[in-house]
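A short write-up of the structure that comes next.
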Amino acid sequence: MKLSEPVFWETGQERCWTEQIDALVHRYRQQGRSVGLSATPTSATRVPEQPMGIEDYLGRLAEDGLAEAACMHHPRCLGHMTSPLPVFMPQLSRLVTSFNQNLMKTESSGGLTALERNTLVMLHRTVFDLDEQSYHKMSTDSQSTPGLITSGGTLANLTAMWCARKRGFTDQGTWWRQLHEKGYTDAVILGSRLMHYSFDKAMDLLGLSSNALLKIDVDARGAMRLDQLDTALATCRSQRRKVLAIVGIAGSTDFGSIDPLQELACRARMEGVHFHVDAAWGGPFLFSHTHAQLLAGIEQADTVTLDAHKQLLTPLGTGILLYRNSDLSRMLLSTAPYAVRSGSRDSGRFTLEGSRPANAIYLHAALHLIGGDGFGRYIDDSFERARALAHRIKARPDMELLQEPPTNLVVFRYLPRRFRHARAIRQDPEINTLNVRLHKLLRHSGTSFLSRTERVLPGQATPACVMLRAVMFNPLCRIEDIDPILDEVVACGRQLEEQGFEKEKSVEHVQNS
Ligand SMILES: *Cc1c(COP(=O)(O)O)cnc(C)c1O
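Quick look at the structure:
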């Protein structure tokens, strides 16, 4: 058969692929560890001239890339903000790619543009809970949108900052001149020092220098310090620096901490500046009857970022930006004569991205098949697991809990024997070095996966502390998994200590100096 005949478009080919891929996925799921074994990639770097057969190709793929795949479905895989996906997601993924609709324009999206919009309204109600009249307007006004589905939280945050900038200065090309004409020296964005690094990217894209992102210190719970925010706002006023936005975090990436959103909203209103809440991690807490209260004030934000591919259990590539007032979406309106025409219903008029897949289907499905109460239970369970983990860590002399978990992330570290007796948080760099090694060893030989981060602890002065971080959302993780995970961490720590870690370190020290 000649390849120029459309062999890849014959439905008979499908079964063969389904079977082979199912077998590959089955093998992947049989792995007993949560960490992929490292392999040396042997992938060729030239386009092959002759086509490969299915089997040969999948064999190549399994060897080259998938060998190192993280085992997301493992109950002790607690290092990632993404979770094991519900079984219906890979099946829906087949559906999404089979239809391959482009949500940029209605010509290629059919009813999915309306479905996407209604899905956004569902989340809008969860976050803002406006009156029915507002939702009626949102459903019928095609010249604005209640929100956007983006490829992730980063794009949602970038879009929010773009919108804040446009709100401050409407002039397209000459906003900088406009700023100076109004007597400002600079434009800044304020948030806590635990802000996600997507805000640093946003500054660069807006043409603002990195020192125009004012990072306010946090208290012992990781929440932005209001006294410091007030000082920063006063300084901006006296130095004629224009505040474009105040950013509040609802679930920081490192600690899961939450800013005082109510008070931030109040300041933003008084200053007349855009208020954005980054709820990429913590947004779904709103589904929990017990914990929704932690996010009080989020309903006053102008824009809110959510990440469905984290705690809303959709496949990667599903972020969300919501506008409390959908009129604000008009700030970013852009059109093109070839596709996203003005006056049309094309969602591409509002997005930073161009062509976009129908990932709204994943979100729509998750919200229907799991439901608000279902998500609430997953959230409640995750808080309970986090509390249990923190409790067990505190009960052990060989580990140190680095912060009372404000939500469902837990940070801790292994304590080498000679540091176990002092009471305050110990700041010896040796503990950091040991925990970096421990993390590598655990990844190499353990069955559990935790992530590692390094930060100045909330409420502390420098130096930065190396932390093991457990993301307790994984719905497959049971309370019974906790002790074995901690035993593994301690076993790694002991092994390193016994191997003369200290001696090794001093040799390294001599070599470095
Ligand atoms: C994950 C995360 C982001 C970025 O989301 P991506 O989907 O990785 O782009 C932004 N903010 C917070 C607080 C996050 O946890």
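In the working numbering, the protein residues as written are 63 to 575. Built from N, CA and C at the ideal position, the CB exists for glycine as well.
Backbone CA spacing between residue i and residue j [nearest angstrom]
i	j	result
L182	L383	9 Å
H33	L192	The first residue shown for the chain is 63 and the last is 575, placing residue 33 beyond what the model contains.
H571	I493	Only weak support is given to the placement of H571: the predicted model assigns it a pLDDT of 46, under 50, and the value that follows is read from those uncertain coordinates. In a straight line, the C-alpha of H571 is about 15 Å away from that of I493.
V569	L120	Model confidence at V569 stands at a pLDDT of 46, short of 50, so the residue's coordinates are unreliable and nothing is read from them.
P148	L375	7 Å
Q82	E76	10 Å
L217	A341	13 Å
V400	A523	Note on identity: in this sequence residue 400 is Tyr, with Val being the wrong assignment. Distance between the alpha carbons of Y400 and A523: 56 Å.
Q290	G253	11 Å
H338	I320	13 Å
D118	S406	47 Å
T365	G508	41 Å
F481	L395	58 Å
L154	A532	29 Å
D292	V87	53 Å
Q573	R479	Residue confidence is low: Q573 scores 41 on pLDDT, short of 50, so the model does not pin down where it sits. No coordinate-derived value is stated.
V473	Q195	44 Å
L128	M134	13 Å
G379	A370	8 Å
A132	F161	29 Å
G172	Y385	24 Å
W224	M332	21 Å
Any non-hydrogen atom of ligand 1 within 6 Å of residue i CB
i	result
D191	no
W343	yes
T315	yes
S260	yes
D369	yes
D340	yes
G141	no
G121	no
G381	yes
Burial state of residue i, where buried means 16 or more other Cβ atoms lie within 10 Å
i	result
T80	exposed
H430	exposed
S272	exposed
S409	buried
C78	exposed
N421	buried
H336	buried
R108	exposed
A330	buried
L530	buried
S391	buried
P419	buried
V498	exposed
S444	buried
Cβ-Cβ distance between residue i and residue j below 7 Å
i	j	result
G310	L295	no
R156	I547	no
P322	A285	yes
R302	T232	no
R475	E462	yes
T315	H242	no
M393	N470	no
S206	D389	yes
A264	L306	no
C554	L477	no
I423	V158	yes
A526	E542	no
I544	R439	no
L140	L512	yes
S510	M166	no
G381	T144	no
K277	R255	yes
Q163	L177	no
P377	M184	no
Cβ-Cβ separation, residue j to residue i (assumed contact under 8 Å), whole Å
i	j	result
V528	R514	7 Å
L356	F347	6 Å
I360	V551	Not really, about 35 Å apart at Cβ, beyond 8 Å.
V280	P520	5 Å
A226	T367	With a Cβ gap of about 12 Å, A226 and T367 do not count as contacting.
C298	V250	6 Å
D442	T352	6 Å
Q324	A358	6 Å
G215	S260	7 Å
T413	L210	5 Å
A312	G345	6 Å
P146	L538	5 Å
Any non-hydrogen atom of ligand 3 within 6 Å of residue i CB
i	result
T216	Summarising the ligand content, the structure contains ligand 1 and does not contain ligand 3.
Within-7 Å CB hit, residue i to chain B
i	result
G416	Annotation note: the requested chain B is absent from the structure, which comprises a single protein chain.
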